[in-house]
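A.B. asks:
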Amino acid sequence: MNSLLAWASVLGTGILELWAAIPLGFALKLHPVMTAILSGAGSLVSAIVVIFFGSSLRNWLVRRFQSKSGGRGGTMTRIWHKYGIAGLGLLSPLLTGAPLGAAIGISFSADPKKLITWMTIGIVFWSAVLTTAVAFGVSFTSFGG
Numbered sequence: 100m101n102s103l104l105a106w107a108s109v110l111g112t113g114i115l116e117l118w119a120a121i122p123l124g125f126a127l128k129l130h131p132v133m134t135a136i137l138s139g140a141g142s143l144v145s146a147i148v149v150i151f152f153g154s155s156l157r158n159w160l161v162r163r164f165q166s167k168s169g170g171r172g173g174t175m176t177r178i179w180h181k182y183g184i185a186g187l188g189l190l191s192p193l194l195t196g197a198p199l200g201a202a203i204g205i206s207f208s209a210d211p212k213k214l215i216t217w218m219t220i221g222i223v224f225w226s227a228v229l230t231t232a233v234a235f236g237v238s239f240t241s242f243g244g
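Each residue of the sequence shown is one higher than the one before, starting from 100 at the first, in my numbering.
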């Protein structure tokens, strides 16, 4: 596969879901560092779009994912009340994905600049952790027995 197409695929998948972009990068035989950068960049793009470009997009995301979140909205509310913007920014890329986490933060009236700062920290952290785990062969199926 053309490396530019592989990069675009991982970046585009990162926009939708960080969890999916990292295995895709490995499946496309990208270097782990490039996989982490592209998946993280895609996730960050989606968070920035939600934070800075509109309540209508934010409302659509909340409606779309709220029914699929399986009670995660309650979890994110508890995280918000206990840990504030830092907790939401650090945990939402892992728990709900960056777009929905950003929408939740904005719906809680988070300051957009602080939210993007904490979302960036969370995205970079989880991109590094998940990419490292995959690079070293950590498999969720290996924990089952």
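In this text, a Cβ means the ideal position worked out from N, Cα and C, and glycines have one as well.
Buried or exposed for GLY173, please, with buried defined as at least 16 other CB atoms from any protein chain shown within 10 angstroms of its CB.
C.D. replies: So GLY173 ends up on the exposed side.
A.B. asks: Which stretch, first to last residue, makes up the alpha helix (DSSP H) that contains ALA234?
C.D. replies: Counting along the chain, the alpha helix (DSSP H) containing ALA234 begins and ends at 211-234.
A.B. asks: If you run the structure through DSSP and keep just helix, strand and coil, what is GLY196?
C.D. replies: Here GLY196 sits in coil by DSSP.
A.B. asks: Between ILE215 and ALA146, which are expected to be in contact by the criterion C-beta below 8 Å, what is the C-beta distance as a whole number of angstroms?
C.D. replies: At roughly 7 Å, the Cβ-Cβ gap stays under 8 Å, so ILE215 and ALA146 are in contact.
A.B. asks: In the DSSP assignment, the alpha helix (DSSP H) including LEU137 goes from what residue to what residue?
C.D. replies: Taken as a continuous stretch (DSSP letters only), the alpha helix (DSSP H) holding LEU137 covers 131-151.
A.B. asks: Quick one, which of ASN101, GLY200 and LYS212 has its alpha-carbon nearest GLU116's?
C.D. replies: Here the closest residue by C-alpha is GLY200.
A.B. asks: In this structure, does DSSP put SER102 in helix, strand or coil?
C.D. replies: Helix, per DSSP.
A.B. asks: Alpha carbon to alpha carbon, what distance is there between PRO211 and ILE150?
C.D. replies: Approximately 6 Å, taken between the alpha carbons.
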